[in-house]
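Student: Residue numbers for the sequence shown, in numbering that gives the first Met the number 0: 0 to 157.
The structure is given below, and queries will be raised subsequently.
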Amino acid sequence: MAYTDSVKSTPNYLYLILLVGFIVAVWLGTSIFSLPAKDKDAVASQCDLNLQRCTVQIGEATLSLDIMPRPIKSMTPLSYQVHIYGVETSSVLINLQGSEMFMGINQTALTAVEGQPGSFTGAGQLAVCTTGEMLWRLTVSADTTAGPLNTLFEFRAK
Numbered sequence: 000m001a002y003t004d005s006v007k008s009t010p011n012y013l014y015l016i017l018l019v020g021f022i023v024a025v026w027l028g029t030s031i032f033s034l035p036a037k038d039k040d041a042v043a044s045q046c047d048l049n050l051q052r053c054t055v056q057i058g059e060a061t062l063s064l065d066i067m068p069r070p071i072k073s074m075t076p077l078s079y080q081v082h083i084y085g086v087e088t089s090s091v092l093i094n095l096q097g098s099e100m101f102m103g104i105n106q107t108a109l110t111a112v113e114g115q116p117g118s119f120t121g122a123g124q125l126a127v128c129t130t131g132e133m134l135w136r137l138t139v140s141a142d143t144t145a146g147p148l149n150t151l152f153e154f155r156a157k
C-alpha cells in the first residue's frame, strides 16, 4: 500500500514544481520587460523641448539641449545639439525611452563639434507609437571632469 500512495503523490509534487517554476518565470519576465525606472541621479528639467532650447544648471555645469525641427514628431529625422559649459566634457550620450510603453533601445552618441569646446551634435529619430502620441523620456548623459552628468527631459511627440 505504501508504494501505491507514493506513486499517487508524485504527480502532485510535479504540479507543485511546475507551478513554482511558472510563478518564477512570470516574475522574472515582468521585471526584465518592465519600463525602466527614472534615473535617480538625473536632474529633471521642466522645460518644453517642443517650444524651445532647454537649459539646466547642474552644480558648476550648465547643460543646454536643443532638438530640431519643432514640434518634435515621430519618424522625422531629428538634430540634437548639446552645449555644456563650466566643465570639460569628453562624451555625450542621448537615451530616449517611451514613458508609457517600451519603445525599444534608442541611444545616440553625440559627436564633439571641432573648435567649439563643450558642443556636441548628433541625429536620431523617434519610433512611431501605435497610440498616436507618446510621452518620451530623454536622458542626456555626459562624462565630464566633474564626474558624470545626467539630465532628464520629458516631451510629447505624435
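Don't be surprised by glycine CBs; every beta carbon is placed ideally from N, CA and C.
Since we're looking at a predicted model, the values are computed, not measured.
Check whether the stretch 76-94 and the stretch 117-125 touch, using three or more Cβ-Cβ pairs below 8 Å as the test.
Tutor: The answer is yes - the stretch 117-125 touches the stretch 76-94, with three or more Cβ pairs under 8 Å.
Student: Among C53, T61, Y84, which has the Cα closest to the Cα of R69?
Tutor: C53
Student: Does L137 pass the burial test, meaning 16 or more other C-beta atoms within 10 Å, or should it be called exposed?
Tutor: Counting Cβ neighbours within 10 Å, L137 comes out buried, since at least 16 surround it.
Student: My output table needs one value for I104: the three-state DSSP class, helix, strand or coil.
Tutor: Residue state, collapsed to three classes: coil.
Student: Measure the beta-carbon distance from L134 to E99 and round it to whole angstroms, keeping in mind my assumption that it falls under 8 Å.
Tutor: 6 Å
Student: Please list, in chain order, all residues of the same chain as K168 whose beta carbon is under 7 Å from its beta carbon, the five residues on each side excluded.
Tutor: Summary: the structure shown does not reach residue 168, with the chain confined to residues 0 through 157, and so no result is reported for it.
Student: In angstroms, rounded to a whole number, what distance separates the CA positions of S63 and T129?
Tutor: 31 Å
Student: What is the rounded straight-line gap between the Cα of I31 and the Cα of G20?
Tutor: Caution applies to I31, whose pLDDT of 49 falls short of 50 and renders its modelled position unreliable; the value that the coordinates give is listed next. Going from the Cα of I31 to the Cα of G20 covers about 16 Å.
Student: Which residue comes first and which comes last in the beta strand (DSSP E) that contains A60?
Tutor: 60-67
Student: Output needed for A108: all residues of its chain with C-beta closer than 6 Å, excluding positions within five of it in sequence on either side, in chain order.
Tutor: These residues qualify, in order along the chain: L92.
Student: When the Cα of G117 is compared with those of N105, Q45, D142, which residue comes out closest?
Tutor: D142
Student: Between the beta-carbon of A145 and the beta-carbon of A60, is there less than 8 Å?
Tutor: Here A145 is near A60, since their CB atoms are less than 8 Å apart.
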